[in-house]
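Reminder that position 292 of the first sequence reads as 292 in UniProt numbering, one-by-one numbering, no gaps. Just so you know, even glycine gets a beta-carbon here, dropped at the ideal spot from N, CA and C.
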Amino acid sequence: MHDRLLPWYAAHRRDLPWRAPERSPWGVLVSEVMLQQTPVARVLPVWERWMSRWPTPSALAAAPTGDAVREWGRLGYPRRALRLHAAATAVRDAHDGQVPADEAVLRTLPGVGDYTAAAVSAFAFGRRATVVDTNVRRVQARSVSGLALPAPALTRAETALAARLLPEDDEQTATWSVAVMELGALVCTARAPRCSACPLADVCAWRAAGSPAPTGPPRRGQRWTGTDRQCRGTLLQVLRDSAGPVPAHRLQAAWPVPGVPDEQGQAARQRERCLDALVAEGLVEPLPGARFRLPGT
DNA sequence: AATCCGTGGCT
DNA sequence: TAGCCAAGGAT
Numbered sequence: 001m002h003d004r005l006l007p008w009y010a011a012h013r014r015d016l017p018w019r020a021p022e023r024s025p026w027g028v029l030v031s032e033v034m035l036q037q038t039p040v041a042r043v044l045p046v047w048e049r050w051m052s053r054w055p056t057p058s059a060l061a062a063a064p065t066g067d068a069v070r071e072w073g074r075l076g077y078p079r080r081a082l083r084l085h086a087a088a089t090a091v092r093d094a095h096d097g098q099v100p101a102d103e104a105v106l107r108t109l110p111g112v113g114d115y116t117a118a119a120v121s122a123f124a125f126g127r128r129a130t131v132v133d134t135n136v137r138r139v140q141a142r143s144v145s146g147l148a149l150p151a152p153a154l155t156r157a158e159t160a161l162a163a164r165l166l167p168e169d170d171e172q173t174a175t176w177s178v179a180v181m182e183l184g185a186l187v188c189t190a191r192a193p194r195c196s197a198c199p200l201a202d203v204c205a206w207r208a209a210g211s212p213a214p215t216g217p218p219r220r221g222q223r224w225t226g227t228d229r230q231c232r233g234t235l236l237q238v239l240r241d242s243a244g245p246v247p248a249h250r251l252q253a254a255w256p257v258p259g260v261p262d263e264q265g266q267a268a269r270q271r272e273r274c275l276d277a278l279v280a281e282g283l284v285e286p287l288p289g290a291r292f293r294l295p296g297t
């Protein structure tokens, strides 16, 4: 596989700023956190502004958390902004301001799980690490295991397979991992894979089996309308888009939104519950006089 | 282990 | 059009 995929990657790789030679480990960490469950196209402009404003972990750590939440914009999952700020603070206070290279140390940072720790160690420092994301899982499931899609949750076997597929040469492992991910992102996609453009097509176990349809239970979709997630997003958007403190009545006016049913005032209770949770999580700061704002802004 | 946590483009 | 899903993490 290596002699097929590595040349393909060299020819087709996207020139993303966090892959540029001059990017810092901090830039790589920021990109990996932003890319969690979020498409590249939406991350690009936010990453550029973020790195321009906060070129180092210490720079971010010196800013109010609310500034990070606002700069996060509409990337989604705004707790990631909070965790990235916390990670920057930990880097400043416990690691002399330098993003650590060791996977196990990275793993201790807020918002950094198994995937992100391996990715930063590999992509920012060139270390040997087993990087397993949804792209890697899908490419392996198809090309090696002959399955249309990977299992719902990451298995030990998948991690073991990813480790076994890494090139022996330590110098090549990071490039290999990003190449597998790039293939999953551009060719071996979840919905409509472009097998005719795939460098692995003639060795792919899934194709050899006749490209069978997915087996197992269909993924249950995430509801959205009327959920706490929609409510939280709506409340936070009001605060993001406001320069100063927001009176409670403006939040009350924002929820429920048109299209969301409000039986017996349940939407009002939901709004208060979500607002309380946002405050408890540190995404919103309550002020005297029934006003609210992004923390420290 | 299952669920929660945003957002918006794509088919 | 309404799901589907995108470089996961925390609990």
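Asked: Residues that DSSP places opposite phenylalanine 123 in a beta bridge; Found: Partner(s): none; phenylalanine 123 has no beta bridge.
Asked: Inter-residue spacing [alpha-carbon to alpha-carbon] between alanine 254 and threonine 234; Found: 7 angstroms
Asked: Delimiting residues of the beta strand (DSSP E) encompassing glutamate 285; Found: 285-287
Asked: Arginine 291 - containing beta strand (DSSP E), residue span; Found: 291-293
Asked: Sheet register partners of methionine 247 (DSSP bridge); Found: The sequence as given places proline at residue 247; methionine does not occur at that position. Looking at the DSSP assignment, proline 247 forms a beta bridge with Arg291.
Asked: Supposed contact pair leucine 166 and arginine 128 - C-beta distance, whole angstroms, cut 8 angstroms; Found: 7 angstroms
Asked: Residue 300 in three-state terms, based on DSSP; Found: Because the chain in this structure spans residues 1 to 297, residue 300 falls outside the shown range and cannot be described.
Asked: Boundaries of the alpha helix (DSSP H) in which aspartate 170 is found, first to last residue; Found: 170-186
Asked: Of the listed residues Pro17, Trp8 and Asp67, nearest to methionine 285 (C-alpha basis); Found: Here the sequence assigns glutamate to residue 285, which means methionine is not the residue at that position. Checking every option, the nearest Cα to that of glutamate 285 belongs to Asp67.
Asked: Candidates Cys204, Ala63 and Arg53: closest to arginine 92 by CA position; Found: Ala63
Asked: Inter-residue CB distance, valine 203 and methionine 51 (contact presumed, cutoff 8 angstroms); Found: Incorrect: roughly 39 angstroms between the Cβ atoms, too far for contact.
Asked: Leucine 161: first and last residue of the uninterrupted alpha helix (DSSP H) it sits in; Found: 156-165
Asked: Counted within 10 angstroms of its Cβ, other Cβ atoms place tryptophan 224 as buried (16 or more) or exposed; Found: exposed
Asked: Inter-residue Cα distance where the pair is alanine 153 and histidine 249; Found: 42 angstroms
Asked: Sub-8 angstroms separation of tyrosine 115 and valine 99 beta-carbons; Found: no
Asked: Local Cβ density within 10 Å of arginine 232, reported as buried at 16 or more and exposed below that; Found: buried
Asked: Any 3 or more C-beta pairs closer than 8 angstroms across the region 38-55 and the region 66-84; Found: yes
Asked: Backbone CA spacing between residue 317 and leucine 29 [nearest angstrom]; Found: No answer is possible for residue 317: it lies beyond the span of the chain, which begins at 1 and ends at 297.
Asked: 7 angstroms CB neighbourhood of glycine 27 in its chain, flanking five on each side removed; Found: Trp18 and Met51
Asked: Range of the contiguous alpha helix (DSSP H) that encloses leucine 82; Found: 79-94
Asked: Nonlocal neighbours in the same chain, by C-beta distance under 7 angstroms from glutamate 32, ignoring five residues either side; Found: Thr116, Ala119 and Val120
Asked: Among Arg107, Leu186 and Thr65, nearest to alanine 41 - alpha-carbon criterion; Found: Leu186
Asked: Own chain partners of glutamine 140 with C-beta closer than 6 angstroms, once the 5 adjacent residues on each side are dropped; Found: Leu161
Asked: Pairwise C-alpha distance: proline 288 and proline 247; Found: 10 angstroms
Asked: Cβ-Cβ distance between alanine 86 and threonine 130 below 8 angstroms; Found: no
Asked: Reduced DSSP category for serine 211 - H, G, I as helix; E, B as strand; rest coil; Found: coil
Asked: CB contact flag (proline 256, phenylalanine 292, <8 angstroms); Found: no
Asked: Beta-carbon proximity of serine 58 to glycine 111, cut-off 8 angstroms; Found: no
Asked: When Arg142, Asp262 and Thr173 are compared against glycine 210, the one with the closest alpha-carbon; Found: Arg142
Asked: Closest Cα partner of alanine 280 within the set Pro193, Pro199 and Arg79; Found: Arg79
Asked: For glutamate 71, the three-state DSSP class (helix, strand or coil); Found: helix
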